[in-house]
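Going by my numbering, 320 is the number at position 311 of the first sequence; the sequence numbering is gapless. Yeah, the Cβ is synthetic: ideal placement off N, Cα and C, and Gly gets one too. Just so you know, these numbers come straight off a predicted model, no measurement behind them.
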Amino acid sequence: MSGYVKGGTMKDVGEMLVRRGYLWQSFEIYGGMAGFVDYGPLGNGLRRALENLWREYFVVNERAVEIDTPTIGIEDVFIASGHASSFTDVAVECKKCGKIFRADHYIKEKLGIETEETIDFVREVITTYDVKCECGGNFKEPENFNLMFSTTIGPGRGKQGYLRPETAQGIFINFKRLSDYFRDKLPFGVCQIGRAYRNEISPRQGVIRLREFNQAELEYFVHPGEKKHPLFDNYREFRILLVDKNDEEHDITLGEAVERGIIAHELLAYFIGKTADFLLKAGIKKDKMRFRQHKDDERAHYAVDCWDAEAYTSYGWIEIVGIADRGDYDLSKHREYSKEDLSIFINYDEPVVRKVRKILPDMSKLGPKFRKNAKKVAEALEKYSGEIDDVLTLEIDGEKFEVDRDLFEIVEEEEKVYGERVVPHVIEPSFGLDRITYAILEHSFDRDVIDGEERRVLRLKRWMAPVQIAVLPLLSREPFTGKAEEITVMLKKSGFFTEKDESGSIGRRYRRYDEIGTPFCITVDHQSFEDSTVTIRDRDTTRQVRVKELELPEIMKSLLSGERELTEVGELFK
RNA sequence: GCGCGAGUAGUCUAGUGGUAGGACAACGGCUUUCCAAGCCGUUAGCCCGGGUUCGAAUCCCGGCUCGCGCACCA
Numbered sequence: 010m011s012g013y014v015k016g017g018t019m020k021d022v023g024e025m026l027v028r029r030g031y032l033w034q035s036f037e038i039y040g041g042m043a044g045f046v047d048y049g050p051l052g053n054g055l056r057r058a059l060e061n062l063w064r065e066y067f068v069v070n071e072r073a074v075e076i077d078t079p080t081i082g083i084e085d086v087f088i089a090s091g092h093a094s095s096f097t098d099v100a101v102e103c104k105k106c107g108k109i110f111r112a113d114h115y116i117k118e119k120l121g122i123e124t125e126e127t128i129d130f131v132r133e134v135i136t137t138y139d140v141k142c143e144c145g146g147n148f149k150e151p152e153n154f155n156l157m158f159s160t161t162i163g164p165g166r167g168k169q170g171y172l173r174p175e176t177a178q179g180i181f182i183n184f185k186r187l188s189d190y191f192r193d194k195l196p197f198g199v200c201q202i203g204r205a206y207r208n209e210i211s212p213r214q215g216v217i218r219l220r221e222f223n224q225a226e227l228e229y230f231v232h233p234g235e236k237k238h239p240l241f242d243n244y245r246e247f248r249i250l251l252v253d254k255n256d257e258e259h260d261i262t263l264g265e266a267v268e269r270g271i272i273a274h275e276l277l278a279y280f281i282g283k284t285a286d287f288l289l290k291a292g293i294k295k296d297k298m299r300f301r302q303h304k305d306d307e308r309a310h311y312a313v314d315c316w317d318a319e320a321y322t323s324y325g326w327i328e329i330v331g332i333a334d335r336g337d338y339d340l341s342k343h344r345e346y347s348k349e350d351l352s353i354f355i356n357y358d359e360p361v362v363r364k365v366r367k368i369l370p371d372m373s374k375l376g377p378k379f380r381k382n383a384k385k386v387a388e389a390l391e392k393y394s395g396e397i398d399d400v401l402t403l404e405i406d407g408e409k410f411e412v413d414r415d416l417f418e419i420v421e422e423e424e425k426v427y428g429e430r431v432v433p434h435v436i437e438p439s440f441g442l443d444r445i446t447y448a449i450l451e452h453s454f455d456r457d458v459i460d461g462e463e464r465r466v467l468r469l470k471r472w473m474a475p476v477q478i479a480v481l482p483l484l485s486r487e488p489f490t491g492k493a494e495e496i497t498v499m500l501k502k503s504g505f506f507t508e509k510d511e512s513g514s515i516g517r518r519y520r521r522y523d524e525i526g527t528p529f530c531i532t533v534d535h536q537s538f539e540d541s542t543v544t545i546r547d548r549d550t551t552r553q554v555r556v557k558e559l560e561l562p563e564i565m566k567s568l569l570s571g572e573r574e575l576t577e578v579g580e581l582f583k
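Below is the structure:
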């Protein structure tokens, strides 16, 4: 049934992920469907931990906010963003011979007309010019043939909509509201964590190419001339593996990479550093992580410069984060198509005073002379910026007008300019949460030998584990089980993801929790009833310390956050 | 989408035309005083649909899924 996990070196990891409830194929009982996965109880917990860590890094500790917009978008959005043309082809199918053509190519070939790639436009062209198939047959209704999932909104034929192929557009189209929210002050960031959809032709490789997937995207809006970040110093000395667009490797600090022009600017470097920091914290291994620059022919239609974070897995190097300088592409596009002014007024540090020459037309003289053309001439005069001679020759709509010097006045004025309108540029770190979750699982999967027995252990970072604590009665009977229940309730109340398990021998249960990555097991033993203590066992070392039962919440908090190590919180028991 | 290979309990696997067997896991019991012990018992399977045949896990066709290669990956 789950051929999903077979083959390759991922076999052991994949088998465990399905069996223990991390991930599995969607729609299994109906035969499955490629490109969709379900997150089981543990996988869902891990991904949620990843999302929370991401928020901490990219929202809470930046000048940034999180929003949530619909996963369905109307067609206009994607026409403006470019997805409709670069992501969608309109196809026509012949009723008679069944051939399918890409409509814009076909129309251009037959009629020489450049076609907008919308169904309405194509339908109109086909009707107007009575376009027929090469075989003489009539075409069916034009259809979208695309990598966006298509849907209709409303009853009947409805309005064309698409499932979003990225969360980013929901942010760009809200730019005015968001800019207001930030009181028109750059830089600011807006993020969205959510689902996106691409109707992949041939999804493969489990969770690596999905048709429905999870993204965390930050759109960080900046002044085009100020691609810096006040906290860049945090990462200036950060050493990192870069592969540039010429496939040259650099083991280099980010500061140096900017100085040498390998990374275009500090802001991009800042987010590369922060992304690396985040990925390591989440459990990606340093020696299996690198940043690769997109080659010139690889960049998306919107990107000015782009770096991918890649993780090495059993599938090879896979892209897990894209960090792109999208320039003003998106805002300019939406500005053009929506006719809304998506710019910000930026005040200069001090108003710039400049002398301005102004031409003031004298309408009492222009009027009689040019009559009905007087208004046009006056407007042209006001805009005129060339040399002033005795006679100015203006060309308006292909017609020439001669204007004598005495028909206007010239004044020199001082003008204070307080600032300028700017379309911000946007730097976009875009995270593929499914791929990162998977890479973490592969990087965490390990085997070692305990007392001569091989065990499988998932070395998740403590703060990422979906089950943080397992409470285990040494024996599966009272009073051990009752005490374990009491402690479990207490820990759950304190906010820890806790499970109680009294099934099977103690050793078997330790192995169970090792395999799913639970960092700490608490054991209730005989001594617990003498002095109200329990033991805490560390997943990675299998060492145990004995601590006071009542101190557990505080101790577990410091252990799980990484503030303290096991040997610092109690007396070594084993 | 094309080509090649594959699909048997939760997982791994045996089974080349005569009604599916094992291991591990899970569950119940006995046992068990800290790292996958043992014993007894239980649950649970031929990817889906069609065809050939007296009879199909097995042969044929189609679909779905998985793996590999090609194409695609804005």
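- Bounds of any beta strand (DSSP E) do not take in T80, whose DSSP letter is neither H nor E.
- CA-to-CA, the gap between R28 and E451 works out to about 15 Å.
- For K297 against Y321, the beta-carbon gap comes to about 4 Å, under 8 Å, which counts as contact.
- Here N356 is exposed, its C-beta having fewer than 16 other C-beta atoms within 10 Å.
- Inter-residue distance for M565 and D306 is about 51 Å (C-alpha atoms, whole angstroms).
- By the Cβ-count criterion, K384 is exposed, with fewer than 16 other Cβ atoms from all chains shown falling within 10 Å of its own Cβ.
- Here L55 really is in contact with P475; their C-beta atoms are around 5 Å apart, less than 8 Å.
- Taking every protein chain shown into account, the CB of T176 has 16 or more other CB atoms within 10 angstroms, so this residue is buried.
- Burial is judged here by how many other beta carbons sit within 10 angstroms of a residue's own beta carbon; N255 has fewer than 16 and is exposed.
- By the criterion of a C-beta distance shorter than 7 Å, T542 is surrounded in its chain by Q536, R555, V556, K557, E558, once the five residues flanking it on both sides are discounted.
- It is roughly 23 Å from the alpha-carbon of V101 to the alpha-carbon of P174.
- Secondary structure in the stretch 190–276: the beta strand (DSSP E) runs of 3 residues or longer, each lying completely within the stretch, are 197–206, 221–231, 248–252, 258–262 in chain order.
- Residue range 434–441 is occupied by the beta strand (DSSP E) that includes H434.
- With respect to the 7 Å criterion, A93 and P151 are not classified as neighbours on the basis of their beta carbons.
- Partner residues in the beta bridge of D413, as assigned by DSSP, are V400.
- About 21 Å separates the beta carbons of L240 and I271, which is beyond the 8 Å limit, so they are not a contact pair.
- Straight-line spacing of the CA atoms in V498 and S514 works out to 22 Å.
- In the three-state scheme derived from DSSP, where H, G and I count as helix and E and B as strand, R380 is classed as helix.
- A residue is called buried when at least 16 other Cβ atoms come within 10 angstroms of its Cβ; N155 meets this threshold and is buried.
- Boundaries of the beta strand (DSSP E) harbouring Y357: 353–370, taken from the DSSP string.
- Three or more beta-carbon pairs separated by less than 8 Å link the stretch 193–212 to the stretch 61–74, which places the two stretches in contact.
- Cβ-Cβ distances below 8 Å link E265 to nothing in the same chain once the five nearest sequence neighbours on each side are left out.
- For S439, the closest alpha carbon among the candidates D139, I38, I180, V386 is that of I180.
- Per the Cβ contact rule, the stretch 450–464 is not in contact with the stretch 228–240 (fewer than 3 Cβ pairs under 8 Å).
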